[in-house]
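Asks: Using my numbering, you'd call the opening residue of the sequence shown number 2 and step up by one each time. Even glycine gets a Cβ: it sits at the ideal position worked out from N, Cα and C.
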Amino acid sequence: MKYVEKVKSRTKCDRVVDQIKDLIIRGVYKSGDKLPAEAALCEMFDVSRITIRESLKKMNMMGLVDIKQGKGTYVKTVDLSTFMKPMFQLINFEEIDVETIYNAREIIEGGTAYLAAMYGTEEECKLLGDILSDFKSAVQGSDITVIRGLDTDFHIQIAKMSHNTLLQACVCTIEEINQACVKRISKFFVTLEASYADHHDIYEQILSKDPEGARMAMVKHTIASKEVLIK
2 MKYVEKVKSR
12 TKCDRVVDQI
22 KDLIIRGVYK
32 SGDKLPAEAA
42 LCEMFDVSRI
52 TIRESLKKMN
62 MMGLVDIKQG
72 KGTYVKTVDL
82 STFMKPMFQL
92 INFEEIDVET
102 IYNAREIIEG
112 GTAYLAAMYG
122 TEEECKLLGD
132 ILSDFKSAVQ
142 GSDITVIRGL
152 DTDFHIQIAK
162 MSHNTLLQAC
172 VCTIEEINQA
182 CVKRISKFFV
192 TLEASYADHH
202 DIYEQILSKD
212 PEGARMAMVK
222 HTIASKEVLI
232 K
């Protein structure tokens, strides 16, 4: 199978786990898919049944797969940020400033908005519109806690619409970092109506299938948010 390489080092279990995780990230195995039988996995990775069993048990403990006795091993629905946690744990939040976060958001989320306009389905656009509608209601009620959650949902939904698993994981991680930073400096959406207008513009560009328009709308939003937070 072209997706994998033969495992020959003494850390066979860890390497098998890493390669199966990579296959999940790349969408070769999706949520709910049944992994190949032990014998097939042994052949794929050129390892023993014991190594495969240890690897699957480890992945089960990590929450990546579900082992069903007599039925096989299935890929679980996994929070994509799980794959980014090693990077997340290396970050010293005290050393990260608003400009660092929002420069990253400008590049990464501008790209996801571009791809969302290209590949987002009608159903995905409807879900994005539903989130935006709830966002508007929260803005009208000045409910900052709800707005924070909906803002995260909005950006993660756009990342999902990019149909790029790695970008989804990056956005999930950036949103976690962003929320931590926002809480630390105690500022968020000083101008709620302007924030809603930005989100509505992003939505309209995606709905219109205008990739460059969506990217520019997202960049405009991240720059405006950064300017509010650094004042």
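Do the region 118 to 125 and the region 139 to 153 touch if we need at least three Cβ pairs shorter than 8 Å?
Replies: no
Asks: Using DSSP with H/G/I as helix, E/B as strand and the rest coil, what is Lys232?
Replies: In the sequence shown, residue 232 corresponds to position 231, counting from 1. Looking at Lys232 - three-state DSSP - the assignment turns out to be coil, as it is neither helix nor strand.
Asks: Whose C-alpha, out of Ile175, Ile97 and Lys22, is nearest the C-alpha of Leu65?
Replies: If you number the sequence shown from 1, residue 65 lands on position 64. Checking every option, the nearest Cα to that of Leu65 belongs to Lys22.
Asks: Compare the C-alpha of Ala170 against each of Gln20, Cys14, Arg16 and Ile26 and name the closest.
Replies: Residue mapping note: residue 170 aligns to position 169 of the sequence shown, counting from 1. Closest option to Ala170, Cα to Cα, is Ile26.
Asks: Using 10 angstroms around the beta-carbon of Gln70, count the other beta-carbons present and answer buried if the total reaches 16, otherwise exposed.
Replies: Taking the first residue of the sequence shown as 1, we reach residue 70 at position 69. Gln70 is exposed by the Cβ-count criterion.
Asks: Under the three-state reduction of DSSP, which class applies to Thr174: helix, strand or coil?
Replies: Taking the sequence shown and counting its residues from 1, one reaches residue 174 at position 173. Under the three-state reduction of DSSP, Thr174 is assigned to helix.
Asks: Helix, strand or coil for Tyr75 per DSSP?
Replies: Against the sequence shown, residue 75 aligns to sequence position 74. In the structure shown, Tyr75 sits in a strand (DSSP, three-state: E or B).
Asks: Can you tell me whether Arg216 is helix, strand or coil according to DSSP?
Replies: Position 215 of the sequence shown, counted from the start, is the residue given in the question as residue 216. In the structure shown, Arg216 sits in a helix (DSSP, three-state: H, G or I).
Asks: Does DSSP put Val147 in a helix, a strand or coil?
Replies: Start at 1 with the first residue of the sequence shown, and residue 147 comes out as number 146. Note: Val147 maps to helix in three-state DSSP.
Asks: Is it buried or exposed for Met162, if we count other Cβ within 10 angstroms and need 16 for buried?
Replies: In the sequence shown, counting from the first residue as 1, residue 162 sits at position 161. Its Cβ being crowded by 16 or more others within 10 Å, Met162 is buried.
Asks: In this structure, how does DSSP classify Asp19 when only helix, strand and coil are distinguished?
Replies: Counting from 1 along the sequence shown, the entry for residue 19 is found at position 18. In this structure, Asp19 counts as helix in the three-state DSSP scheme.
Asks: Where does Asp34 fall in DSSP's three states?
Replies: Position 33 of the sequence shown, counting from 1, holds the residue named residue 34. Reduced to three states, the DSSP call for Asp34 is coil.
Asks: Start and end of the alpha helix (DSSP H) containing Asp199?
Replies: In the sequence shown, counting from the first residue as 1, residue 199 sits at position 198. Start and end: Leu193 to Leu208.
Asks: Return the Cβ separation of His180 and Thr153 in integer angstroms, given the expectation that the two are a contact with Cβ distance under 8 Å.
Replies: Here residue 180 is taken as the residue at index 179 of the sequence shown, counted from 1. Here residue 153 is taken as the residue at index 152 of the sequence shown, counted from 1. Reading the sequence as shown, one finds Gln at residue 180 and not His. Contact flag correct, Cβ pair sits at about 7 Å.
Asks: Can you give the Cα-Cα distance for Leu168 and Ile109, rounded to whole angstroms?
Replies: Residue mapping note: residue 168 aligns to position 167 of the sequence shown, counting from 1. Residue mapping note: residue 109 aligns to position 108 of the sequence shown, counting from 1. Computed Cα separation, rounded: 7 Å.
Asks: Can you pull the DSSP bridge partners for Asp67?
Replies: Start at 1 with the first residue of the sequence shown, and residue 67 comes out as number 66. Paired residues: Tyr75.
Asks: Quick check: the region 124 to 142 against the region 193 to 203, are at least 3 beta-carbon pairs closer than 8 Å?
Replies: yes
Asks: Report the option in Asp211, Ala195 and Ile97 whose CA atom is closest to the CA atom of Ile175.
Replies: To locate residue 175, count along the sequence shown from 1; it is residue 174. For the residues Asp211, Ala195 and Ile97, the minimum Cα distance to Ile175 belongs to Ile97.
Asks: Residues in its own chain within less than 6 Å of Ser187 by CB, not counting five upstream and five downstream?
Replies: For the purposes of this step, residue 187 is taken as residue 186 along the sequence shown, with counting starting at 1. Low confidence applies here, because Ser187 scores a pLDDT of 47, under 50, leaving its location unreliable; read the following figure in that light. Contacts found: none.
Asks: DSSP on Asn179, reduced to helix/strand/coil?
Replies: Position 178 of the sequence shown, counting from 1, holds the residue named residue 179. Asn179 falls in the helix class under three-state DSSP.
Asks: Confirm, please, whether the CB-CB distance from Met219 to Thr78 is below 9 Å.
Replies: For the purposes of this step, residue 78 is taken as residue 77 along the sequence shown, with counting starting at 1. For the purposes of this step, residue 219 is taken as residue 218 along the sequence shown, with counting starting at 1. Result no, Cβ atoms of Thr78 and Met219 do not sit closer than 9 Å.
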